[in-house]
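Residue numbers (the numbering used here), protein chains in the order written: chain A, 1 to 291; chain B, 292 to 1098.
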Amino acid sequence: MKPAPFRYADPGSLDEALEVLAEEGAKVLAGGQSLLPLLSMRLAAPATLVDINRVPGLDSIEVTGDGVTVGALVRHNSLLHDDAAARSQPLLTRATANVAHPAVRNRGTTVGSIAHADPSGEMTAVLALTDGSVTVAGAAGSEVVGWRDLFVGPLETSIAGPAVVTSAFFPALPPRSGTAFQEVARRKGDYAVCGAGVVVTLDAGRRVASVRASYVSVGLTPEVHDLTEAVAGSPVEKADWAAAGALARTLVDPDTDIHASAHYRRLLVGVLTERTLAEAAAEAAARATRE
Amino acid sequence: MTTKLFGEPVRRREDQRLITGKGRYLDDIGPNALAAAFVRSPHAHARIVDIDVDAALEVEGLVAIYTYEDLTGPMAEPLPVLIPHPQMHAPRTGFPLANGEVNHVGEPIVMVVATDRYVAEDACDRILVTYEELPVVVGVDVARAATAAVHEEIPDNVAARHHQETGDVEPALAASPRTLSFTQYIERSACMPMEGKGVHARWDSDDRSLRVYTSTQASTSVRAAIAAKLDLSLDKVEVIAPDVGGGFGVKIVHPWPEELLVPMAAIALGQEVKWAEDRREHFIGSAHERQQRQEITVGYDDDGRITALDVHIWHDNGAYTPYGIIVPIVTATQLVGPYVIPVYRVVVESVFTNTVIVTPYRGAGRPQGCYAMERTMDRIADDLGLDRALVRERNLIQTDQFPYDHHLTFQDGRPVIYDSGDYPGLLDKLRTLVGWSEADRLRAEAATRGKLLGVGMAMYVEGTGPGPYEGGHVQVLGSGKVLVSTGLTSQGQGHETAFAQIVASELGVPIEDVEVTTGDTRRFGYAVGTFASRAAVMSGNAIALAARGVREKALRIAADVLEAAPEDLEIDEGLVQVKGVPGTSIPLRTVAVLSNPLRYAFDEAAKQATQFARAGSDDKPPVAEGDAPGLEHRDYYSPIRSTFASGAHAAIVEIDPATWEIDVVKYAVVHDCGNVVNPMIVEGQVHGGVAQGVGGALYERMAYDADGQLQNASFMDFLMPYASEVPDIDIDHQQTPSPLNPLGIKGAGEAGVIPGTAAIASAIEDAVGRRITSMPISPTELYDLVRNPTAERTAAAERRSENGVLA
Ligand SMILES: Cc1cc2nc3c(=O)[nH]c(=O)nc-3n(C[C@H](O)[C@H](O)[C@H](O)COP(=O)(O)OP(=O)(O)OC[C@H]3O[C@@H](n4cnc5c(N)ncnc54)[C@H](O)[C@@H]3O)c2cc1C
């Protein structure tokens, strides 16, 4: 469990980083929490590791009326404790709290986990659920890539050629909306057997206008499921969240692995959907009252 | 006596060193040593057609490559079968490096030595081994079906058929008022010490001697194995176990191939060589335990008293049997637990599979035996509609029945005769500790929170401290320092503290003056090893006897100087004094100086001693016949048979009926290991054992696929419980001293793990009302069970639902 030989570079600027990344077999190193285990098990053997930790300007969390921009060097733990980010988009804190343990959260970056595109990661699901995007710096300049175009397969993104994801953008929670995030993991802090994040939006009459959910460890890439039809128009207090859970179960296509059968994951999708929706709806109702 | 520390919760003296990073583990030794790495089989069963090392030769930093072809003499022979047994008719062991065939994923084929581990692994990557794959056998059921053979010449895959019986079971069953039969399974787990195995070897070519450090539980035996296999004289080999980061059984196996190959390379290359096992290697290249299929038939009367028990077990021993059939024997003989079993027959068939070898893991067959017996008790109770505790109570051996002879033969070849115990006492304490009579109220309360609650219990008796012997050496230096050594090794159990407490108490010296060394063959050449909960019983008693020997000699010398009778003297705080005459005393350290007639005044101690020294008699030699210079004594403890510790555990679980997550909300332990040297250390052992018990019941398994690939060979997927998964543990103690040894102690090392699977299975069954027949169990499996319309409902659940209660 020792990595194959590699060259190490720690450029001091984004341009320099992109230059080194243009070399054959170069790969970005951020927090190393996913990449280094792969190297140690020789499941990955990049020729060059381009450590971006010295690149300036990538470590801030910016919150505007539109949402939250998380820089590439922001650690999970910083995001977890950022109150302004939590106010703009509460899912960020709620989901990040479920990412691994403090030691991993202290090193691992939120953007890195999105770039890693692991369908078992919480933040890929949150990017999808909030309809977020990433900014990718490449040789030809920067471009914004929406989550639908970003995730193409498990551990696979559409980013090609020398590129650094410089930030991820999570839109703010819309008015009269609430969110919740819950998961079931075998041990505390493990990757989820199944996780669910939801957003519930009410109309002016406090009736359910929109219900969307995204799941962790279900399917090959993050997906967003519209569950509105199960509860559309119901007064928030009376909505049948179990019906939404039942609908969700029909929409997902989970896999079996050594920790859980597909059947069991489907069960959890239903249960967690129902539970998170009840929680999110209560929050939406409270916010609607305040707003 | 103020130095009476036996029985006190003295803080572990080794902890400061170990938890501040000052421990010296295997990989801390020899930072400049060459590194070894291994090419291991990626196939579970294959013939090796060709090994092509050419591409590896180009790797810069490569030093040597070894394959089976390079092994000569005894190294080219199969590894030893450590513990042969007449009922093991077809033992098999591997070779240090595979000889033409591999029988499990992870079996070593090529050893590479290079300037460092990275380079060694680079070279391994370039070695091309060509295989011809053979049919794979995984799991007891497949092995039993014998459609394919692990070892061609053993077509039924059976290595051993272990059989014991205490009477004629068939007529006894036929005459029983009631009988029931069932089959159940228990899965594999593994020791998983934080530190894997590791070996460092240094050859002194001038002295022609070898020093080996190895992360082992048996350094004296590793020494003998190396000497034999490498054709060295025993006196030219020293083996030292440095700080060892956990063992739990896997490091009692010896010699591991690496323990022979690394010294072989060190000698051949004339350079230090080291191998530190990594986690993946540990998963696929060391040992596992616990998989069994158990078929049980029990006869009993209407009160739930057992009349006869017939057990047939298939035990998965993996690819080879270097450790013999110890685990099957332990299961067979410890299964009976604290109960009177009028007629008992047990057959354990030990079968080969194409998986990692199976050797003792903490508990060593006892958790399986306990699972068989305790689940039988639950079945009887369920059938009769009786309280599970009551059925157990009715079958317990009573306090006036000791010594109690089960008429079985234990792993050490000695009879299973329980020396002492109070099993009804354990059960009473357990019921109180866990609140057994409150179960229905708790269940109802949990139901209001939407949870299914269940309680379960399990009892065990554990043979501990088997022989043949262990030794101790105690020496008082002129500085007052007391050196203690025993050949048995330590893996973090707190021996430095417990053994020092024994010596401080026996000798009457401050514990600060006592220094303990374990597992170093330079200090003590004869030892058996640390396993089977034997360190405190065996080395503890040997060290006590050695300390008594030192005390006797010290009193004899002091008596002479103080002109008193030895029986009028006492030693306290390192001072030998006449009882009741303060001031008439001599420091023990001075006695130590006086014990040696050669007294060059190198230091103050020697100078001071001269004031006490009396002119010797001209007509006697300075060292009397039969005496020896120095204040030291060596002694051995060799028991006639094992001593039997006991205990009872109870678990309360809560299950979420929507997600089927299982939460152990309370865990109670009543524990009896005779006289306790250090209650804090015993509780620590219980805590660690319970953690492994919970792991084995709910989290851990070796997920082999049908091709013999281990699907979860990392800590990401092998779910060792975190602190967050281990419940708080309530402990109560009971002490029934052993009459068999001077200190009256019984072993405590393995106890905590034994009843976990049985107690938790019982609690889950109680909560969900479905028969649990396979452990461990995870939420996804529990969901499969409850949604399966043909899954058996317990009679208790039927009765409860008639009364309108959930589950
Ligand atoms: C024990 C353990 C438990 C974990 N549990 C969880 C969990 O429960 N949930 C979860 O979501 N994650 C979990 N993780 C993973 C963790 O969240 C990682 O931090 C995260 O997946 C990757 O972030 P990183 O900064 O460490 O990236 P790295 O490991 O440095 O990189 C990961 C990959 O992303 C690429 N990359 C990283 N940053 C960029 C960038 N800015 N631009 C382009 N490419 C980039 C790298 O090239 C690499 O391919 C766990 C990790 C460990 C070790």
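Glycine included, each C-beta is placed from N, C-alpha and C at the ideal position.
Within chain B, the residues Thr1071, Glu1072, Tyr1074, Asp1075 have their CB atoms less than 9 Å from the CB of Ser261/A, given in chain order. No heavy atom of ligand 1 is found nearer than 8 Å to the CB of His380/B. DSSP places Asp674/B in the helix class (H, G or I) of the three-state scheme. Cβ-Cβ distances below 7 Å link Ala1049/B to Cys661, Tyr662, Glu665, Arg666, Ala749 in the same chain, with the five nearest sequence neighbours on each side left out; the list follows chain order. At a cut-off of 9 Å between beta carbons, Asn1079/B makes no contact with chain A. By the neighbour-count definition (other C-beta atoms within 10 Å, threshold 16), Pro322/B is an exposed residue. Ser120/A sits in coil when the DSSP states are folded into three classes, being neither helix nor strand. Burial check for Ile972/B: the Cβ neighbour count within 10 Å reaches 16 or more, so the residue is buried. Per DSSP, the unbroken alpha helix (DSSP H) holding Val433/B starts and ends at 431 to 436.
Residues of the region 385 to 413 of chain B whose Cβ lies closer than 7 Å to any Cβ of chain A, in chain order: Arg408, Tyr409, Glu412, Asp413. Chain order gives no chain A residues near Asn323/B, where near means a beta carbon separation below 7 Å; the closest approach is about 17 Å.
Think of a sphere of 8 Å around the beta carbon of Asp1019/B: no beta carbon from chain A falls inside it, the nearest being about 15 Å out.
For Pro1012/B, the closest Cβ of chain A is nearer than 9 Å. Scanning chain A for C-beta atoms nearer than 8 Å to the C-beta of Asp1008/B yields Ile258, His259, reported in chain order. Cα atoms of Ala367/B and Leu388/B: separation of roughly 9 Å, rounded to the nearest angstrom. Taking the C-beta atoms as reference points, Thr93/A is found nearer than 9 Å to Leu79/A. If you check each beta-carbon in the region 977 to 1004 of chain B against every beta-carbon of chain A, the ones closer than 8 Å belong to Tyr990, Ala994, Gln1002, Asn1003. Taking the CA atoms as reference points, Val634/B sits about 26 Å from Arg1062/B. Not a single C-beta of chain A is nearer than 9 Å to the C-beta of Asp319/B. Distance from the CA atom of Tyr817/B to the CA atom of Pro1033/B, rounded to whole angstroms, is 21 Å. What Thr950/B touches in chain A, judged by beta-carbon distance under 7 Å, is Val184, Leu268, Val271, going in chain order. Residue range 469 to 477 is occupied by the beta strand (DSSP E) that includes Phe473/B, with no alpha helix (DSSP H) assigned at that position. A buried status is given to Leu425/B, since no fewer than 16 other beta-carbon atoms sit within 10 Å of its beta-carbon. Close to Arg187/A, with beta-carbon spacing below 9 Å, are these residues of chain B in chain order: Tyr990, Leu1010, Met1011, Pro1012, Tyr1013, Ser1015, Glu1016.
In the three-state reduction of the DSSP assignment, His263/A falls in the helix class, which pools H, G and I. Distance from the CA of Gly747/B to the CA of Ala942/B, rounded to the nearest whole angstrom, comes to 5 Å. For the pair Val460/B and Leu600/B, the Cα-to-Cα distance works out to about 7 Å. Look at Asp569/B: its C-beta is under 9 Å from a C-beta on chain A.
Looking at the backbone, the Cα of Ile1036/B and that of Gln692/B are separated by about 20 Å. Residue-level contact by beta carbon holds for Asp416/B and chain A, with a gap shorter than 9 Å. The three-state secondary structure of Asn77/A, taken from DSSP, is helix. Taking a beta-carbon distance threshold of 9 Å, Arg42/A counts as an interface residue toward chain B. When Cβ pairs closer than 8 Å are counted between the two stretches, the region 61 to 77 of chain A is seen to touch the region 163 to 183 of chain A, the count reaching three or more. Under the DSSP assignment, Lys898/B falls in the alpha helix (DSSP H) whose first and last residues are 895 to 901.
A contact between stretches requires three or more CB pairs, one per stretch, nearer than 8 Å, and the region 806 to 822 of chain B meets this requirement with the region 499 to 516 of chain B. Per the coordinates, the alpha-carbon of Thr228/A lies some 11 Å from the alpha-carbon of Ala239/A.
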